[in-house]
Each structure stands twice: as structure tokens, then as C-alpha cells.
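Data block below; observations after.
Numbering (the working numbering), first residue to last: -18 to 77.
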């Protein structure tokens, strides 16, 4: 059960990483198209930050049902592990 919980946690982290990486790519791609100066600037303006946050919100919203499903699965797995430990008198380790 704990291995399944770990895999589910990894899946949720993967979704979050995918959203963050896609948001960054969208923002950088837009920046490259909108700036024709030919200079390689590494400045991040407030407009770029707004664009990043807008993209992040849109992508998070688009995958919200998937995130919610994985989160519910995590809650159920945690509850099942806790119930198993309670029934069998197992004390949870502090390292987990």
C-alpha cells in the first residue's frame, strides 16, 4: 500500500512539474516572438511575470480534474494505510 501511495505522490509531482515546465516554455516562446531586437536578454519584466502567471493559471485549470483525481486517490490511500496500521497496532515511523 505504501508503494502505491509513493507512486501516486510521484504522479502528482510529475503533473505539477509538467505544468510548470510547459508554462515556462510558453512564456519564453512568447517573449522570443515579441522581442525582435536580436539581443539575448535575460531580463524578466513584470509583463513577463504576468504572462507566466496567466499561463500557469490556464494550464492548472486545464488539468485541474486530473490533479483533483490524484489528490482524492492520495487521501484514500492515506486513510487505508492509517486504518490498516490502527487495526494491526502498528505505529507509523517518523521517517516516512
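For glycine and all other residues, C-beta sits at the position ideal for the given N, C-alpha and C.
Decide if residue 65 is buried, meaning its Cβ has at least 16 other Cβ atoms within 10 Å, or exposed. exposed
Excluding five sequence neighbours on each side, which residues of the same chain lie with their C-beta closer than 8 Å to the C-beta of residue -18? 58, 61, 62, 65
At a cut of 8 Å, does the stretch -17 to -8 reach the stretch 0 to 9 through at least three beta carbon pairs? no
Mapping the DSSP letters down to three states, classify residue 5 as helix, strand or coil. helix
Which residue wins for smallest C-alpha separation from residue 37, given the options -15, 3, 72? 3
Please find out if some non-hydrogen atom of the ligand FMN comes closer than 6 Å to the beta-carbon of residue -16. The ligand FMN is absent from the structure shown, which contains no ligand whatsoever.
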